[in-house]
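One structure is given below, encoded as structure tokens.
Chains as they are written, first to last, in this note's numbering: chain Z, 1 to 188; chain C, 1 to 191.
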């Protein structure tokens with residue numbers, strides 16, 4: 001049993017240490033470590049990713065929790081998830097201390113003046129990608145249609161967009177109401 | 001001076017609760033977490049501002065680890081030192097631990113419920129609207145001059161239509177910022 005915890009710890013520590021960019025960037029390395037230690041089967045891993053996407057929280061964190069729980073129970077989940085986050089703590093705390101104290105240095109300022117719009121562009125691209133995948137017809141809920149975009153999803157997305165932009169509606173409320181609306185409109 | 005307007009301390013409990021809330025209500029991870037992070041740390045808590053959050057995201061994305069966890073560590077460290085960083089990270093992770101362990105115990109029955117699928121279709125659609133609103137808000141906050149606009153368009157095109165990695169794009173932005181700085185400095189000297 002101790003070996004199982006040790007493997008979970010070292011495996012997920014490695015995943016946390018060697019993947020930059022979070023989320024989906026972590027999945028290939030996760031798959032390798034899972035295959036090496038035989039934590040879960042390949043088919044189970046696909047199901048786990050689907051659940052990790054659907055449930056609240058960061059995808060990589062959810063996947064680590066799930067794999068840890070399947071392998072060694074509650075303690076396994078805690079060990080895997082902690083190990084995943086530990087490299088971040090060790091690296092970021094000193095780095096962000098440096099950044100906080102030198103933020104006003106002109107060269108560092110110039111660098112971040114260039115980085116900020118680049119991040120804005122990345123977020124715009126991510127918004128487009130999320131829109132493309134999430135507004136499609138869900139094959140589990142409705143028959144294939146000639147029109148690839150599900151107009152019910154599109155209307156929900158548009159109403160939420162306007163509610164947040166114009167009325168400053170709390171995102172949490174928007175999510176909860178949309179879950180209820182989804183229950184009704186996707187039921188037909 | 002701008003620094004002084006931001007709140008510089010927070011109790012560990014406040015940090016934990018704020019990040020727990022973010023972890024509990026973000027679906028989809030990664031960029032889908034941004035709208036909630038912004039609502040909580042900018043609007044509700046005033047721990048950072050619309051402009052600085054982009055620098056924090058850049059930092060969080062350029063180092064190893066999960067982006068949301070990295071963001072929680074940066075702000076936790078600012079407000080409560082190493083202890084604050086640990087507590088903020090624990091807060092954003094805890095909902096996953098609780099929710100996933102519950103689901104893992106009832107795996108099959110949950111996955112086969114049509115009601116769950118319907119509710120999640122609604123949630124996924126809402127996330128599209130939320131992320132789009134965040135993208136607009138971020139664009140308005142960061143695109144202040146012509147060079148920023150050009151950098152943002154280039155980053156968007158590279159990220160949306162090519163396989164160039166996000167880190168390479170961030171590094172490119174850093175180089176462009178340096179270039180603009182030195183060109184600007186030269187111009188000022190010549191004047």
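In this text, a Cβ means the ideal position worked out from N, Cα and C, and glycines have one as well.
Item, Value
"Based on the DSSP secondary-structure assignment, which residues constitute the bridge partners of residue 114/C?", "Beta-bridge pairing links residue 114/C to no other residue."
"Under 8 Å Cβ-Cβ, which residues of chain Z neighbour residue 78/C?", "96 and 100"
"Determine the direct distance from the alpha carbon of residue 135/C to that of residue 1/C, and round the result to whole angstroms.", "With a pLDDT of only 36 at residue 1/C, under the threshold of 50, the placement of this residue in the model should not be trusted, and no figure is reported."
"Output needed for residue 105/Z: all residues of its chain with C-beta closer than 6 Å, excluding positions within five of it in sequence on either side, in chain order.", "none"
"Near residue 4/C, what residues of its chain come up, given a Cβ to Cβ distance below 7 Å and the 5 sequence neighbours on each side ignored?", "In this prediction, residue 4/C has a pLDDT of 43, which is less than 50 and means its spatial position is unreliable; nothing more can be read from the coordinates."
"What residues from the segment 102 to 123 of chain Z come within 9 Å of chain C, judged by C-beta to C-beta, listed N to C?", "103, 104, 106, 107, 109, 110, 111, 112, 113, 114, 115, 116, 117, 118, 119, 120, 121, 122 and 123"
"By the criterion of Cβ-Cβ separation under 8 Å, what are the contact partners of residue 120/C in chain Z?", "54, 179 and 182"
"Mind reading off the beta-carbon distance from residue 119/Z to residue 58/C? Whole number of angstroms is fine, and I expect it under 8 Å.", "5 Å"
"Once DSSP output is grouped into helix, strand and coil, what is the label at residue 136/Z?", "strand"
"Quick one: using the 10 Å Cβ neighbour count with 16 as the cut-off for buried, is residue 145/C buried or exposed?", "exposed"
"List the residues of chain Z that residue 20/C touches, going by C-beta distances under 7 Å, in chain order.", "In chain order: nothing, as chain Z lies at least about 10 Å away."
"Under a Cβ-count criterion, where at least 16 other Cβ atoms within 10 Å of its own Cβ denotes burial, should residue 72/C be classed as buried or exposed?", "buried"
"Which two residues bound the contiguous alpha helix (DSSP H) that contains residue 70/C?", "67 to 105"
"Flag residue 152/Z as yes if its beta-carbon sits less than 9 Å from any beta-carbon of chain C, otherwise no.", "yes"
"Please report how far the alpha carbon of residue 122/Z lies from the alpha carbon of residue 73/Z, in whole angstroms.", "38 Å"
"Under a three-way DSSP split, which group does residue 182/Z fall into?", "helix"
"Let me see if you follow: with CB-CB separation under 9 Å, is residue 186/Z close to chain C or not?", "yes"
"Shortest alpha-carbon distance to residue 183/C belongs to which of 88/Z, 110/Z, 100/Z and 86/Z?", "110/Z"
"What are the complete alpha helix (DSSP H) segments, minimum 4 residues, inside the segment 136 to 166 of chain C?", "146 to 161"
"Excluding the 5 residues preceding and the 5 following residue 15/C in the sequence, name in chain order all residues of the same chain whose CB lies nearer than 7 Å to its CB.", "76, 79, 80, 84, 87, 88 and 91"
"Determine contact between the segment 48 to 58 of chain C and the segment 171 to 181 of chain Z, defined as no fewer than three beta-carbon pairs at a distance below 8 Å.", "no"
"If residue 182/Z sits next to residue 109/C, beta carbons under 8 Å apart, how far is it from one beta carbon to the other, in whole angstroms?", "Wrong, their Cβ atoms sit about 19 Å apart, outside the cutoff."
"At the 9 Å Cβ level, is residue 26/C part of the contact set with chain Z, yes or no?", "yes"
"How would you call residue 150/Z, buried or exposed, if buried means at least 16 neighbouring beta carbons within 10 angstroms?", "buried"
"May I have the straight-line CA-CA distance separating residue 116/C from residue 45/Z, to the nearest angstrom?", "20 Å"
"Under 9 Å between the Cβ atoms of residue 96/C and residue 62/Z?", "yes"
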